[in-house]
Amino acid sequence: MADNLESYFKKHLSKASPGDDNWNVPSDEVWEKVVPEISKKKGLFIPWKYLFLLAFIVMAGLAFLLWPGDEMDASFSETGEKITSERSPVYSPIDNTTQAGSDTNSTKQEMLYTEKQLNQADLFSNNTITSQNQTQTSETSTNQSKDYKANRSGQNVIQYAPSQNNRLQELPLDTRDQIEIASLSSKSIYFSPALPETFLLEAHSINPDLPVDLEKKKPEPFNNQGKFGIGVFFKPTFTSTYLSGELNKGIIETGHVFLYAGNWGFEAKYHLSNRLSLVTGVEKSEIRSWSKSLVDFGYDTSTEHVMETGEKENTSPVPMPTPFGEIDTEITYRFSGSEVISDGEMMHSILETHQDVRYLSIPLGLEYNMMRFSQINWFTEGGLTYNRALRDATSFTSRILHQGQDMAVVGENMTSYPSYTLNYLSFYAGTGVSYQFSKSFQVNGSARYIGSITKVNLQENLSTYVQGFNFKIGIIYIF
793 MADNLESYFK KHLSKASPGD DNWNVPSDEV WEKVVPEISK KKGLFIPWKY
843 LFLLAFIVMA GLAFLLWPGD EMDASFSETG EKITSERSPV YSPIDNTTQA
893 GSDTNSTKQE MLYTEKQLNQ ADLFSNNTIT SQNQTQTSET STNQSKDYKA
943 NRSGQNVIQY APSQNNRLQE LPLDTRDQIE IASLSSKSIY FSPALPETFL
993 LEAHSINPDL PVDLEKKKPE PFNNQGKFGI GVFFKPTFTS TYLSGELNKG
1043 IIETGHVFLY AGNWGFEAKY HLSNRLSLVT GVEKSEIRSW SKSLVDFGYD
1093 TSTEHVMETG EKENTSPVPM PTPFGEIDTE ITYRFSGSEV ISDGEMMHSI
1143 LETHQDVRYL SIPLGLEYNM MRFSQINWFT EGGLTYNRAL RDATSFTSRI
1193 LHQGQDMAVV GENMTSYPSY TLNYLSFYAG TGVSYQFSKS FQVNGSARYI
1243 GSITKVNLQE NLSTYVQGFN FKIGIIYIF
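My numbering puts the first residue of the sequence shown at 793, with every later residue one more than the last.
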């Protein structure tokens, strides 16, 4: 029964629409008191228990990192004096420049310094150098140090060895705190202290077995001199045709429009030296062009006829000049049956032409490496290219106008093909980068400017030239 009552209240209280007499809609006073309690507090709210937990974790981590260990520092001796060397003591010179009245104090300092060094020698009696060798070496060092002191005026250079135990009884204990003992590196190497300058090396760890030059040599460029290379490449090309001269009949224009063609080919290379290479090969290249021509022609009534719909239709031959030669066309158009066009009346045509001429190209050029960065070369290139036409494709659209009004064109047909020049010579120049990742393989990329040397086509007094640029990307096998 309780479950049914609970589901009843849930069902009726959860309705989105108010009930009869708005019995399930709280009054404004109720909302004003409830809203502050159920509204979510703005800002970042973190319970206090989480803050306490976070603080406890941080304090525990710091205690774990900073709490001192149980083991005693091995760098301190039993007397509390810190010893930084694990080998036989190496003595650094102390250069004290004093006045003539401080000789007595200097002698005391020398004695106290000897006592400290003797204590250190007793603590490290098990070193690899035997005590007999230590005594002999220390005596030699003492004699050399004394000779050096005699040659210098106003300075006391202290060099003592732990071999005179009988002088320990003469050291006053109340002046020990006035002496500084030079800190020695744990990896210092003992040298015979013949001169004070030699002790400057004692602060450094010197390993005579290490090589002097630790720098890694940069990899040298590969030696390709006298080697051949063959490869393939892909060459995206953008070309544009431009005209020089004028037609005897009609007007033709080409805009500065660069059209894309995906060219490719094979490459052969011979490395005359590591900097200069001879390059040739064979490739497929295309020239795409756009042109617009305006030609006038006379109307011929003998080919006019009336259609079943009452419209008139006629087919007129219209010559179409293009950058690659003139093409003969036949254009069929219709106009209103009530319109009368007399024989020989002038008609106007506007034709837009898209042409694609494919060539077989054989380049011959040089490649020069200006800078060689290890396996990367920055080069410049240039050469000549022989081009032989293989095939062409032409498409066009036309408009026929009479007294400024368009006729409805219903048919377009080419009756001849362009008579363009089959052979022409061009040049290229560019720069690029090559990367040789092994002795046998190299990848390269370059940007080139191309242009025609001889005319691509000549019609009447109009000459056609080609210009453009391409990007060459290829891989070469060197052997």
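Every residue gets a Cβ at the ideal spot worked out from N, C-alpha and C, and that includes glycine.
Enclosing beta strand (DSSP E) for residue i [first to last residue]
| i | result |
| --- | --- |
| E1075 | L1068 to G1090 |
| K1041 | Per DSSP, K1041 belongs to no beta strand (DSSP E) and is neither H nor E. |
| G1174 | I1168 to H1194 |
| S819 | Unbroken run through S819: none, as it is neither H nor E. |
| H1048 | Segment: none, H1048 is in no beta strand (DSSP E) and carries neither H nor E. |
| Q1242 | Reading off the sequence shown, one finds Ile at residue 1242, where the question assumed Gln. Unbroken beta strand (DSSP E) run through I1242: F1233 to S1244. |
| D1120 | G1117 to F1127 |
| Y1227 | N1215 to Y1227 |
| E1144 | M1138 to F1165 |
| V1110 | K1104 to T1114 |
| M1099 | Segment: none, M1099 is in no beta strand (DSSP E) and carries neither H nor E. |
| E1131 | Note, E1131: premise wrong, no beta strand (DSSP E); not H, not E. |
Residue i classed as buried or exposed, judged by whether at least 16 other C-beta atoms fall within 10 angstroms
| i | result |
| --- | --- |
| P1109 | exposed |
| V1087 | buried |
| G1136 | exposed |
| I1242 | buried |
| N1205 | exposed |
| N1015 | exposed |
| E994 | Low confidence applies to E994: its pLDDT is 48, below 50, so where it sits in the model is not reliable enough to give any reading. |
| E1252 | exposed |
| N1106 | buried |
| F848 | exposed |
| G1260 | buried |
| L1254 | buried |
| M1112 | buried |
| S819 | exposed |
| T1101 | exposed |
| G1222 | buried |
| T1114 | buried |
C-beta contact flag for residue i and residue j at 7 Å
| i | j | result |
| --- | --- | --- |
| L1035 | T1246 | no |
| K1160 | L1068 | Here residue 1160 turns out to be Tyr, not Lys, going by the sequence shown. Yes, they are a contact pair. |
| K1027 | N1262 | yes |
| S1218 | I1270 | no |
| Y1227 | I1268 | no |
| V1248 | V1235 | no |
| G1023 | G1266 | yes |
| F1116 | M1199 | no |
| E1045 | K1084 | yes |
| S1230 | K1264 | no |
| G1157 | V1074 | no |
| Y1272 | R1240 | Outside the shown range of the chain (793 to 1271) lies residue 1272, about which nothing can therefore be said. |
| P1013 | R1150 | no |
Beta-carbon proximity list for residue i, same chain, < 6 Å, skipping 5 on both sides
| i | result |
| --- | --- |
| A1053 | T1029, E1078 and R1080 |
| L1152 | R1180 and L1182 |
| T1093 | D1135 |
| S799 | none |
Own chain residues within Cβ distance below 8 Å of residue i, not counting five before or after
| i | result |
| --- | --- |
| L1250 | T1213 and T1256 |
| M864 | In this prediction, M864 scores a pLDDT of 44, lower than 50, which makes its location untrustworthy; the coordinate-derived value is nonetheless stated afterwards. Contacts found: none. |
| V1225 | I1168, N1169, W1170, F1171, N1236, G1237 and S1238 |
| L1193 | M1139, H1140, S1141, I1142 and M1199 |
Same chain, Cβ closer than 7 Å to residue i, five either side skipped, listed in chain order
| i | result |
| --- | --- |
| D1148 | E1078, R1080, D1184 and A1185 |
| P1000 | Only weak support exists for where P1000 lies, its pLDDT of 48 falling under 50; the value from the coordinates is given anyway. Here the set comprises nothing. |
| V1049 | S1032 and W1082 |
| M1162 | W1170, F1171 and T1172 |
| S1211 | G1117 |
| F1025 | W1056, G1057, E1059, K1264, I1265 and G1266 |
| S1130 | none |
| I1133 | Y1091 and H1194 |
| S1208 | I1119 and D1120 |
| I1043 | S1085 and L1086 |
- prompt: Touch check for the segment 1141 to 1149 and the segment 1174 to 1192: three-plus C-beta pairs under 8 Å?
  reply: yes
- prompt: Are the segment 1030 to 1047 and the segment 1055 to 1064 touching by the rule of at least three beta carbon pairs closer than 8 Å?
  reply: By the criterion of at least three beta-carbon pairs nearer than 8 Å, the segment 1030 to 1047 is not in contact with the segment 1055 to 1064.
task: Specify whether the segment 1088 to 1095 and the segment 1112 to 1127 touch according to this definition: at least 3 beta carbon pairs, one from each stretch, less than 8 Å apart.
output: no
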